[in-house]
Amino acid sequence: MKTTAEQPYIFENISDLMRRLEQPKPLHPLVALVRYGSIKVNVADVGQRFALNFYKISFKIDFKGQVRYGQGYYDFEEGGLAFLAPNQIVTAYEQEKTYEGYTFFFHPDFIRNYPLGKRIHTYGFFSYAVSEALFLSEKEKFVIASVFNHIALELENNIDQFSQDVMVSQIELLLNYSNRFYHRQFITRKTLHNEWLEQMNSYLAERLDNAVLSGLPNAQELADYLKVSPRYLTDMLKTLTGQNTQQYIHTLLMEKAKDMLSLSQLNISEIAYKLGFEHPQSFHKLFKQKMGMSPVAFRQSFE
Numbered sequence: 073m074k075t076t077a078e079q080p081y082i083f084e085n086i087s088d089l090m091r092r093l094e095q096p097k098p099l100h101p102l103v104a105l106v107r108y109g110s111i112k113v114n115v116a117d118v119g120q121r122f123a124l125n126f127y128k129i130s131f132k133i134d135f136k137g138q139v140r141y142g143q144g145y146y147d148f149e150e151g152g153l154a155f156l157a158p159n160q161i162v163t164a165y166e167q168e169k170t171y172e173g174y175t176f177f178f179h180p181d182f183i184r185n186y187p188l189g190k191r192i193h194t195y196g197f198f199s200y201a202v203s204e205a206l207f208l209s210e211k212e213k214f215v216i217a218s219v220f221n222h223i224a225l226e227l228e229n230n231i232d233q234f235s236q237d238v239m240v241s242q243i244e245l246l247l248n249y250s251n252r253f254y255h256r257q258f259i260t261r262k263t264l265h266n267e268w269l270e271q272m273n274s275y276l277a278e279r280l281d282n283a284v285l286s287g288l289p290n291a292q293e294l295a296d297y298l299k300v301s302p303r304y305l306t307d308m309l310k311t312l313t314g315q316n317t318q319q320y321i322h323t324l325l326m327e328k329a330k331d332m333l334s335l336s337q338l339n340i341s342e343i344a345y346k347l348g349f350e351h352p353q354s355f356h357k358l359f360k361q362k363m364g365m366s367p368v369a370f371r372q373s374f375e
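Everything in the sequence shown is counted per the working numbering, starting at 73 for the first residue and increasing by one.
Take a look at the structure:
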């Protein structure tokens, strides 16, 4: 596997990856399940960037050590699940570690003609960074392990007219359990996420005080500040506040706007520019959409 800093190596199909990992040819060309204990990473591949043209779900039951993702590392001591969508770039990394579990690959073509193929993008955890892996309790690990065991048994059966239907239903079951457990994770890690929320509020307050120089804050900027992926940030905020990131920014923006309209002598255009809007009309439109009245009408209500 040869690549450059600019261009990662892309595995076009699962069979190529299995050969690179010194695994047997997959029993189905679009699906493969590998036990972690049998995976061999070529020394020449360490530090190389690569991407897959298919989905990958990693289930580590009992992991000790760290794994590299991008420029950082994440600790998988508890065991859990990590997800990769097609064309996400990761770095091959090898160090002394012990773990057991499965890694599961399936090509988008395998589910394309099923309802799952049309809605798989709604499972937001495929957009998370690996550092935002799903950590599982012992009970949850048992549930996920049972699904992987059923997938393994199905792959070992002779392919018949029902094989793909059964396998797709198992993939969907795995994703639905993952959805449930991610929701639980946002709740049980509420203390950590509330700390992030406080950090974000402080950051946004400072940004809105200086928005005339920096423009309006956006979701990507906040995610970069908190060092999380945009999708993870939105899912966290939905659990804590019921709003996605953009809605949350707009809520704080409107509160700042109401303070300026009611307490300052600045005209509407000046307020718009101070809040980071390039055009006063954009501020007027957003304010009326969120507050149900124009900025002028809101100001008049205090006079």
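Ideal Cβ placement from N, Cα and C applies to all residues, glycine included.
- Taking every protein chain shown into account, the CB of Pro-367 has 16 or more other CB atoms within 10 angstroms, so this residue is buried.
- Scanning its chain for C-beta atoms nearer than 8 Å, with the 5 sequence neighbours on each side dropped, one finds around Phe-370 the residues Lys-330, Leu-333, Ser-334, Phe-359 and Met-363, in chain order.
- With 16 or more other CB atoms across the displayed protein chains lying within 10 angstroms of its CB, Thr-175 is buried.
- Secondary structure note for Phe-155: its beta strand (DSSP E) is the uninterrupted segment 152 to 156.
- Under the Cβ criterion (8 Å, minimum of three pairs), the region 188 to 208 counts as touching the region 237 to 251.
- Counting only runs of 4+ residues, the alpha helix (DSSP H) found wholly inside the region 258 to 305 occupies 262 to 281, 283 to 286 and 291 to 298, in chain order.
- The Cβ atoms of Leu-309 and Lys-328 do not sit closer than 8 Å to each other.
- Here Leu-276 has Pro-289, Leu-294, Ile-321 and Leu-324 as same chain residues with Cβ atoms under 8 Å from its own Cβ, once five neighbours each way along the sequence are excluded.
- Taking C-beta atoms as the reference points, Gly-173 and Leu-206 fail to come closer than 8 Å.
- Boundaries of the beta strand (DSSP E) around Gly-173: 173 to 178.
- The Cβ atoms of Arg-121 and Pro-80 lie closer than 8 Å to each other.
- Three or more Cβ pairs closer than 8 Å define a contact, and the region 260 to 278 falls short of that threshold against the region 219 to 238.
- Leu-102 and Asp-181 do touch by the CB rule: their CB atoms are close to 6 Å apart, below 8 Å.
- Arg-107 is bridged by DSSP to Tyr-174.
- For Phe-83, there is no enclosing alpha helix (DSSP H); the enclosing beta strand (DSSP E) has its first and last residue at 81 to 83.
- Going by DSSP, Ser-341 is part of the alpha helix (DSSP H) stretching over 340 to 346.
- C-alpha of Pro-96 to C-alpha of Val-215: approximately 27 Å in a straight line.
- Look at Ala-205 here: in three-state DSSP terms it is coil, with no helix or strand label.
- In terms of Cβ geometry, Leu-298 and Gln-271 form a close pair [threshold 8 Å].
- Comparing alpha-carbon positions, the option among Gln-337, Gln-319, Ile-343 and Gln-242 lying closest to Ala-283 turns out to be Ile-343.
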